[in-house]
Every structure is written in structure tokens, then in C-alpha cells.
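Protein chains in written order, with full-length UniProt numbering: chain V, 1 to 151; chain U, 1 to 151.
Built from N, CA and C at the ideal position, the CB exists for glycine as well.
It should be emphasised that the depicted structure is a prediction, and the values quoted were computed from it without experimental measurement.
Protein chains: 2
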Amino acid sequence: MMLLHQAAYVLETELTAKLAEIGMTPRGRCVLSSAVDAGRTQTELAELSNMDKTTMVVTMDALEKAGLAERKLSPTDRRARIIEVTEAGRELLARADRVVADVYEDVLGSLPEGEREGLLGALTRLIEGRLGEPVECDRPPRRRALRQAVG
Amino acid sequence: MMLLHQAAYVLETELTAKLAEIGMTPRGRCVLSSAVDAGRTQTELAELSNMDKTTMVVTMDALEKAGLAERKLSPTDRRARIIEVTEAGRELLARADRVVADVYEDVLGSLPEGEREGLLGALTRLIEGRLGEPVECDRPPRRRALRQAVG
DNA sequence: TATTGTTATACTCTATAACTATA
DNA sequence: TATAGTTATAGAGTATAACAATA
Numbered sequence: 001m002m003l004l005h006q007a008a009y010v011l012e013t014e015l016t017a018k019l020a021e022i023g024m025t026p027r028g029r030c031v032l033s034s035a036v037d038a039g040r041t042q043t044e045l046a047e048l049s050n051m052d053k054t055t056m057v058v059t060m061d062a063l064e065k066a067g068l069a070e071r072k073l074s075p076t077d078r079r080a081r082i083i084e085v086t087e088a089g090r091e092l093l094a095r096a097d098r099v100v101a102d103v104y105e106d107v108l109g110s111l112p113e114g115e116r117e118g119l120l121g122a123l124t125r126l127i128e129g130r131l132g133e134p135v136e137c138d139r140p141p142r143r144r145a146l147r148q149a150v151g
Numbered sequence: 001m002m003l004l005h006q007a008a009y010v011l012e013t014e015l016t017a018k019l020a021e022i023g024m025t026p027r028g029r030c031v032l033s034s035a036v037d038a039g040r041t042q043t044e045l046a047e048l049s050n051m052d053k054t055t056m057v058v059t060m061d062a063l064e065k066a067g068l069a070e071r072k073l074s075p076t077d078r079r080a081r082i083i084e085v086t087e088a089g090r091e092l093l094a095r096a097d098r099v100v101a102d103v104y105e106d107v108l109g110s111l112p113e114g115e116r117e118g119l120l121g122a123l124t125r126l127i128e129g130r131l132g133e134p135v136e137c138d139r140p141p142r143r144r145a146l147r148q149a150v151g
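So this is what it looks like as C-alpha cells:
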């Protein structure tokens with residue numbers, strides 16, 4: 001099962017590097033995906049990505065500075081900010097999605113068809129079964145939440 | 001392929017939590033494994049685990065404080081310290097290895113035999129092929145090196 | 001001059017607590 | 001009283017730079 005770690009590690013490194021080349025991060029992509037055409041507030045987006053609201057502030061600061069998303073005042077709650085993805089944000093998100101899809105396709109394409117299906121089948125079974133839920137953890141390691149991983 | 005991340009993430013969380021229950025960390029286990037009966041110096045161990053020598057100092061401080069390993073003066077180089085794993089260290093390492101092996105066995109055991117072999121075969125092919133080498137990365141993410149991952 | 005291990009320091013990333021302004 | 005977002009701050013984790021002792 002060390003194999004599993006190594007494969008995931010190398011794949012994540014490659015995806016993060018390729019996203020960085022076009023000026024995107026896995027977290028930024030995650031937030032933009034949840035925000036586009038959704039009319040969600042910062043707090044809602046933070047919950048969707050399992051990040052603290054203060055981490056969301058930092059993330060939004062970066063996205064706004066990069067011109068990829070904007071904070072708009074909510075018409076119904078003057079405390080809240082609705083996050084809107086800009087046209088530039090949409091375009092970059094589309095490019096990022098293509099980058100990720102291309103890598104996945106390339107990786108899976110390197111396997112013979114039978115093995116490819118076997119891999120996906122086994123992983124699906126694990127996710128739906130034995131590895132479905134993270135175990136309880138008193139002091140969880142300080143790392144990105146799964147939802148923010150490149151995917 | 002998001003499946004791959006999720007499976008690795010959940011598995012790593014479980015292993016880290018179970019190691020913590022017995023007072024072990026993935027990094028500590030990695031260093032102890034490389035050190036036991038090997039007569040290696042701190043720098044050699046740091047290189048084997050792909051960590052900075054200053055990170056190794058911190059790691060050894062913890063292992064020594066916990067009574068799991070000791071710094072001995074090298075008989076041939078008065079600058080160097082040979083790391084020796086204590087009896088307590090050996091015992092805890094053995095327990096840790098058993099914890100990890102049990103989890104792996106349990107996870108793989110949750111798959112029907114055909115899928116199990118398919119999974120291992122596909123992962124092996126990826127590691128030896130498309131996902132063999134991490135891509136070059138200007139500013140690599142600040143995270144544990146693969147070698148220190150639980151395995 | 002180069003290397004081992006150490007210390008001091010800085011940087012990244014993330015979260016907790018306290019605050020402002022609303023609700 | 002509670003909530004959205006912000007700021008200030010703290011902590012974990014890791015690395016870089018400078019240093020002392022030794023090669």
C-alpha cells in the first residue's frame with residue numbers, strides 16, 4: 001500500500017506544478033469551482049472546502065488580487081459578501097480543468113485497458129467501503145483538507 | 001483519479017492516528033527503520049529520508065527525549081554522531097510496523113481477490129512507469145518528503 | 001577549504017481569539 | 001444574542017544562514 005501513497009504523491013506533485021505554470025493552485029481551483037455561478041458567500045465556500053473562514057479570507061485576497069474573483073455586497077445581508085468569479089477567473093478555471101483532465105487521461109492511458117478498469121474498480125470499492133470515512137483523530141495533522149486536493 | 005487521492009488521504013490519516021496511539025510518528029518510524037543496526041550518522045539518515053539536516057536535528061531531539069534512539073560519538077570522525085536505536089526503540093518500531101501491516105492487510109482484505117491483485121498490479125505499473133519520477137518543480141510545496149510518508 | 005552538527009532565524013501554512021458591523 | 005468577515009496573533013513544520021569543531 002506504500003504504492004498507493006507514492007502514486008498519489010507523484011500525481012499530486014505533477015498536478016500542482018502544472019497548475020502553478022498557469023498561475024493556479026489546487027485550493028484556488030477548488031474555491032473557484034464551488035463559486036462559479038453559485039452566488040455563495042465566503043462562509044459557505046469555506047464550509048464547502050472544509051477550510052477555516054480565516055483561511056478563506058487569505059484565499060479570497062489572493063484570488064481577488066489576481067483578478068479571478070470578486071467580493072460583492074450581498075443584497076439581502078449587509079454583513080455577507082457574495083463571491084463572483086470574473087471572466088478571467090472562468091477562463092483560467094477552464095484551462096486548469098483541462099490541465100487536470102489531460103494529466104488524468106495521460107496517466108490512465110498508460111495502463112492497459114484491463115488494468116485501468118481494475119484500478120478504478122478497486123479504488124471505488126475502497127472509497128465506498130474500508131476507506132470511506134477518515135478515522136477520528138484528536139489532533140489531526142495540519143494539512144490541506146481532502147476537498148481542497150487537486151481533483 | 002481523485003479516487004487515488006482520497007484513498008491515500010484516508011489511509012494516511014488512519015495510519016498516522018494509529019501510530020500516534022502508540023507514541024510514534026511516520027517520520028520517527030522512517031528514521032528508526034533506517035537507523036536500526038546500520039551505524040549511520042545523522043547526515044546519512046537525513047539524506048535517506050530526504051529531509052534537511054536541521055529537520056533531522058529536531059527529529060533526533062524528539063527520538064532521544066523519548067528514549068527511542070541515542071547519539072553516539074563516532075570513533076572515526078569526531079564531528080559525526082552515530083545514531084543507535086535503543087531497545088525501547090526497537091520494540092516500539094516493531095509494534096509500529098505491526099500496526100501498519102495490520103491496517104494494510106485489513107484494507108486489502110476488504111477487496112475481492114481479483115480486485116486486490118488488479119489494484120496492486122496497476123499501481124505497480126504506474127510507479128514503474130508514468131508516475132515513476134516526480135516532475136521538476138521550481139518551488140516545491142513545503143510538505144513531508146515521500147520517503148517519510150507512512151509506508 | 002570542506003563537512004558535521006548545532007543554533008538562530010525566517011518563512012509557509014493554518015487555525016484560534018478578539019473585534020466590527022450587522023442581524 | 002448570534003453571525004459574516006476581518007485583523008492580529010500564535011503555532012506547527014520546514015528550511016536557510018551562520019557558526020564551532022573537526023577533517
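With hydrogens ignored, establish whether the beta-carbon of residue i is closer than 7 angstroms to any heavy atom of the ligand NAP.
i	result
V/R81	Among the ligands in the structure shown, none appear at all, so the ligand NAP cannot be discussed.
Would you say residue i reaches chain U, if we count a Cβ-Cβ gap shorter than 8 angstroms as a contact?
i	result
V/T55	no
V/R130	yes
V/T124	yes
V/E84	no
V/L11	yes
V/L19	no
Would you list the residues sitting across from residue i in a DSSP beta bridge?
i	result
V/I83	V/R71
U/R41	Reading off the sequence, residue 41 of chain U comes out as Thr, not Arg. U/I82.
Need the endpoints of the alpha helix (DSSP H) that residue i sits in, please.
i	result
V/M2	M2 to E21
V/R116	E113 to E128
V/V57	K53 to K65
With a threshold of 8 angstroms between beta carbons, is residue i in contact with chain V?
i	result
U/V31	no
U/I22	no
U/S49	no
U/N8	For the record, residue 8 of chain U in the displayed sequence is Ala; it is not Asn. Output row for U/A8: interface = yes.
U/E113	no
U/L93	no
U/V99	no
U/G89	no
U/G121	yes
U/V58	no
U/S34	no
U/L3	yes
U/E64	no
U/G118	yes
U/S110	yes
Compare the C-alpha of residue i against each of the options and name the closest.
i	options	result
U/A101	U/L15, U/A7, U/D61 and U/V10	U/L15
U/H5	U/G129, U/E128, U/L123 and U/G118	U/L123
V/E47	V/D37, V/C30 and V/E115	V/C30
U/G89	U/V36, U/E117, U/G118 and U/T59	U/V36
U/T76	U/E105, U/R40, U/E64 and U/D61	U/R40
residue 152 of chain V	V/L3, V/M56, V/P112 and V/R130	Because chain V here runs from 1 to 151, residue 152 of chain V falls outside it and cannot be looked at.
V/L63	V/D52, V/D97, V/M24 and V/A38	V/M24
U/A96	U/K18, U/T59, U/T13 and U/Y9	U/K18
V/L111	U/Q42, U/T43 and U/L131	U/L131
U/L68	U/V85, U/D61 and U/V58	U/V85
U/L93	U/T43, U/E128, U/L32 and U/G129	U/L32
U/I83	U/A38, U/D106 and U/G28	U/A38
V/R79	V/Q42, V/A66, V/E113 and V/D106	V/Q42
U/V58	U/L73, U/E87, U/R27 and U/K72	U/R27
V/V103	V/L3, V/M2 and V/T13	V/T13
V/A20	V/G129, V/V99 and V/E105	V/V99
V/G109	U/G129, U/Y9, U/E44 and U/V10	U/G129
U/E91	U/G114, U/R71 and U/A66	U/A66
Please state the DSSP three-state secondary structure of residue i.
i	result
U/G28	helix
V/G132	coil
U/V36	coil
V/D97	helix
V/D77	coil
U/C137	Because the pLDDT at U/C137 is just 45, under 50, the model does not fix this residue reliably, and the value given afterwards should be weighed accordingly. Coil.
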